[in-house]
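Undergrad: For reference, each letter of the sequence shown is one residue, going 1058 to 1354 in the numbering used here.
Virtual Cβ for every residue (Gly too), placed ideally from N, Cα, C.
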Amino acid sequence: MKIAFWSNAKGKCGTTSNMAGISGMLALEGKAKMVLLENHQSYRCVENSLVPAGRMAEMIKEPAHLYGLSGMEYLLKKLHCGLIDEHTLEGVSRKLFGEQLRYIPHSQISGKDLFEYELYQSVDELLAWMDEQEEIYLIDTEYGGNLSSKYILEHADLVVVNLCQSGAVLNHFFEQYHSMIDKSVFLLGNYHPNSRYSQKNILRRYQIDKNRLAVIPYNMEYHDALEDGTVLHFLERNMYCSKRNDNYGFMRDMKKAVDMIWGRIMECKGAQEENGRNDSQSDRERQACHAEMSLSE
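1. So for M1308, helix, strand or coil by DSSP?
2. In chain order, which continuous runs of the alpha helix (DSSP H) of length 4 or greater are located wholly inside the segment 1186 to 1219?
3. Which partner residues does F1154 have in the DSSP bridge list?
4. Give the straight-line distance between the Cα atoms of N1096 and E1173, rounded to the nearest whole angstrom.
5. DSSP three-state call for I1318: helix, strand or coil?
6. Which residues bound the alpha helix (DSSP H) around A1084?
7. Rounded to whole angstroms, what's the CA-CA distance from N1304 to Y1100? Just pull it up for me.
8. Suppose you measure from the CA of R1301 to the CA of E1278; what does that come to, to the nearest Å?
9. Measure from the C-beta of V1226 to each C-beta in chain C and report whether the shortest distance is under 9 Å.
10. In the DSSP assignment, the alpha helix (DSSP H) including N1228 goes from what residue to what residue?
11. Does the Cβ-Cβ distance between V1242 and L1270 come in under 9 Å?
12. Going by beta-carbon coordinates alone, are C1151 and E1192 separated by less than 9 Å?
13. So, using beta-carbon positions, are Q1233 and N1065 closer together than 9 Å?
14. Pick helix, strand or coil for N1302, following the three-state DSSP scheme.
15. Would you mind stating whether A1213 and K1240 have Cβ atoms separated by less than 9 Å?
16. Can you list, in chain order, the residues of its chain with a C-beta nearer than 6 Å to that of S1164? Leave out the 5 residues immediately preceding and following it.
17. When the Cβ atoms of the segment 1062 to 1082 are set against those of the segment 1286 to 1299, are three or more pairs found closer than 8 Å?
18. Contact defined as beta carbons within less than 8 Å: I believe I1273 pairs with M1237. What is the distance between those atoms, to the nearest angstrom?
19. Let me know if P1250 comes out buried or exposed under the rule of 16 or more other beta-carbons within 10 Å of its beta-carbon.
20. If you follow the alpha helix (DSSP H) that K1135 is in, where does it begin and where does it stop?
21. Can you tell which of K1059, K1067, A1061 has its C-alpha closest to the C-alpha of M1202?
22. Within a Cβ cutoff of 6 Å, which residues of the same chain sit near K1069, ignoring the five residues on either side of it in sequence?
23. Which whole-angstrom value describes the C-beta separation of G1387 and L1107, a residue pair presumed to lie in contact below a C-beta threshold of 8 Å?
24. According to the Cβ coordinates, are L1133 and L1094 closer than 9 Å?
25. Contact defined as beta carbons within less than 8 Å: I believe W1319 pairs with V1216. What is the distance between those atoms, to the nearest angstrom?
26. On the CB-based measure, 16 or more other CB atoms within 10 Å of its CB, does M1323 come out buried or exposed?
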C-alpha cells in the first residue's frame, strides 16, 4: 500500500514532521510494518527526526554493489536492470524500529536534479514493486516542480494532505486540488486552537467530513525531539501520560490523527481485497465459459 504525505505549501504545514510522528505512533502501536522514503533529496529528511545523530553514524548500511550506490538510488538501478528479488527491501533500507519501521535513505552520490529525473523514469516500476510488498509505504512527496510528485499523488492509495491555519493555503488547496479530496485525509500541522481558522471553522467552511480532518498541535518538546532525532523516544515516553502532563493534549490529538489515518488504511485494504475477490471470480467465470465453449465444439 502506498500513502503519500504531501502539502500544497512548502515548509509551512509540517509534512515531514507529521509523517515522522504518525509513522512513529503506528510503529509503537504495532499496527503494521512500514517503510519511509522521500521522492526528493533534502538536508532535512524524516530519518533525522527519528534517529539521533550519534546512532545514525553507527547504523550499518547494507553493501551495494551496483554502480557504488545505496538506498533509493540503488533501488532504482535494481528496478531498471530487473534485479529485484525477495531481499531487495532489506538491502536498500535501514531499520529504525525493528521490523516495524524501515527507512530507505539516499546515497547522496547523484545530484538532486539527476535523482529526480531517474526516479521519474522508474516511478511506475517503483510503485508496482511497492504494491507487491506486504509493508505499507509512506512517501514524503515534494510540492512544486518535482517530476514524480504528480504521478505518485495520482497512484497513491491514500493521500495525507498537510495543511495549516492560513486562509491562502486552505483556499489554494480546495480551489486547485479538488480532484484529490475523495482519496485524501487532512492534517492541520502546528495547530493553534485560538486561531480563527480553527478545526471547527475549517470543517464548516470547506465542507469536510469531520472523520477526515485531524490536528497536530504545536508542542515545544515535540519540536525539540524533531531536531534531536528523538521522536520515537518522546512518543514512547508520553504514550500513556496522565492528563496532568503538559504533553497530554498533544498526545491525545496525535492518537486521534493516527486512528483517522489507520481507519482509512483499513478501508483501502478492504476495497483492495474486495477487488481482488471480484477479479478472481471474473477469471473463474471466464475459464468456465471457455471450457463450455471447448466442450460444445
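TA: Here's the rundown:
1. Note: M1308 maps to helix in three-state DSSP.
2. Segments of the alpha helix (DSSP H) lying fully in the segment 1186 to 1219: 1206 to 1212.
3. BP columns for F1154 point to E1156, L1158.
4. Computed Cα separation, rounded: 7 Å.
5. In the structure shown, I1318 sits in a helix (DSSP, three-state: H, G or I).
6. Residue range 1072 to 1085 is occupied by the alpha helix (DSSP H) that includes A1084.
7. Their Cα atoms are separated by approximately 28 Å.
8. Answer to the nearest angstrom: the Cα atoms are 16 Å apart.
9. Protein chain content of the structure displayed is limited to a single chain, and chain C is not contained in it.
10. Its alpha helix (DSSP H) spans residues 1224 to 1233.
11. Result yes, Cβ atoms of V1242 and L1270 sit closer than 9 Å.
12. Checking the displayed sequence, the identity of residue 1151 turns out to be Arg instead of Cys. Against a cut-off of 9 Å, the Cβ pair of E1192 and R1151 comes out as no contact.
13. Less than 9 Å divides the Cβ of Q1233 from the Cβ of N1065.
14. Looking at N1302 - three-state DSSP - the assignment turns out to be coil, as it is neither helix nor strand.
15. It is a contact, given that the beta carbons lie within the stated cut-off.
16. The residues are L1126, S1127, G1128, E1130.
17. Between the segment 1062 to 1082 and the segment 1286 to 1299 there are three or more C-beta pairs closer than 8 Å, enough to call the two in contact.
18. Incorrect: roughly 20 Å between the Cβ atoms, too far for contact.
19. By the neighbour-count definition (other C-beta atoms within 10 Å, threshold 16), P1250 is an exposed residue.
20. Under the DSSP assignment, K1135 falls in the alpha helix (DSSP H) whose first and last residues are 1128 to 1138.
21. Note on identity: in this sequence residue 1202 is Gly, with Met being the wrong assignment. Measuring from the Cα of G1202, the nearest candidate turns out to be K1067.
22. Closer than 6 Å at the Cβ level, and outside the excluded window around K1069, lie C1221.
23. For the chain, the structure presents residues 1058 to 1354; residue 1387 sits outside this window and is missing.
24. No, Cβ-Cβ distance for L1133 and L1094 is not below 9 Å.
25. About 15 Å separates the two Cβ atoms, so there is no contact after all.
26. Classification for M1323: exposed.
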